[in-house]
Amino acid sequence: MYFGESAPKHLRGAVSLSSAVFTAFGVVLGQVVGLREVLGSEPYWEYLLASNAIPGFIQLLTLPWFPESPRYLLIDRKDKEACLNALKRLRGCEDQGSELEEILEEEAQSRGMKPRQPWELFTDRAVRFQLLIIIVVSSAMQLCGNDSVRDFTNV
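Below is the structure:
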């Protein structure tokens with residue numbers, strides 16, 4: 002979520018989608034590491050259980066070097082100077098005026114809009130198609146898992 006919110010506008014969709022790709026990669030990696038020949042046998046179950054702590058530990062160690070999200074700083078906290086500093090750290094160049102203007106434009110567009118309830122999304126024609134695609138794809142991912150096949154083979 003952080004990378005999607007901190008990404009430039011032209012990369013935001015691809016960066017936000019990458020979290021789903023890495024989640025799927027994590028599931029596959031977990032299944033491979035959980036094979037009986039790797040760490041899935043009884044003497045190694047502690048290592049298998051603890052292996053998911055490695056990415057979390059890496060994230061915890063690197064977290065202090067990441068600035069707050071520029072969009073959060075400007076839209077939620079109303080701190081323009083901190084937003085400019087965060088943009089400077091993330092992008093590496095001095096002139097961030099155009100990106101700051103984009104964030105301010107987005108804030109102006111969202112001002113006065115109330116948060117929607119989940120069922121209200123189905124009535125909005127602008128997001129209905131995307132919502133249905135997400136529901137179908139997520140349902141398909143849940144229903145075609147390897148766990149259901151494995152349970153029937155053990156009977």
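Numbers given in my numbering equal positions in the sequence shown, counted from 1, plus 1. By construction, the Cβ of each residue, glycine as well, lies at the ideal position given by its N, Cα and C atoms.
From V128 to E107, what does the alpha carbon distance come to, in whole angstroms?
For this step, residue 128 is matched to residue 127 along the sequence shown. For this step, residue 107 is matched to residue 106 along the sequence shown. Distance between the alpha carbons of V128 and E107 is about 18 Å.
If we ignore side chains and look at the alpha-carbon of each, how far apart do D125 and S140 end up?
As a first step, residue 125 must be located in the sequence shown, where it is residue number 124. As a first step, residue 140 must be located in the sequence shown, where it is residue number 139. Going by the C-alpha atoms only, they are around 22 Å apart.
Which parts of the region 93-152 are runs of the alpha helix (DSSP H), unbroken and 4 residues or longer, counting only runs that do not cross its ends?
98-111, 126-144
Pick from P119, D77, S20, G93: whose alpha carbon is nearest that of R112?
The count along the sequence shown starts at 1 and reaches residue 112 at position 111. Per the Cα distances, D77.
Indicate the three-state DSSP secondary structure (helix, strand or coil) for K10 in the structure shown.
The residue labelled residue 10 in the question sits at position 9 within the sequence shown. Correct three-state label for K10: helix.
Inter-residue Cα distance where the pair is S70 and F26:
As a first step, residue 70 must be located in the sequence shown, where it is residue number 69. As a first step, residue 26 must be located in the sequence shown, where it is residue number 25. Straight-line Cα distance between these residues: approximately 25 Å.
DSSP-derived helix/strand/coil call for P1:
Given a span of 2 to 156 for the chain in the structure shown, any question on residue 1 remains unanswerable.
Boundaries of the alpha helix (DSSP H) in which P44 is found, first to last residue:
Taking the sequence shown and counting its residues from 1, one reaches residue 44 at position 43. Element bounds for P44: n/a, residue is neither H nor E.
Here's a check: name, in chain order, each residue in its chain whose Cβ is nearer than 7 Å to the Cβ of F4, leaving out the five neighbours to either side.
One-based indexing of the sequence shown puts residue 4 at position 3. Cβ neighbours of F4 beyond the five flanking positions: V16.
State the DSSP-derived secondary structure class of V16, mapped to helix, strand or coil.
Counted from its first residue, the sequence shown places residue 16 at position 15. It is helical.
Pop quiz: A83 and L74 are said to be a contact at Cβ under 8 Å. What is the actual Cβ separation, rounded to whole angstroms?
On the sequence shown, residue 83 is found 82 positions in, with the first residue counted as 1. On the sequence shown, residue 74 is found 73 positions in, with the first residue counted as 1. With a Cβ gap of about 5 Å, A83 and L74 count as contacting.
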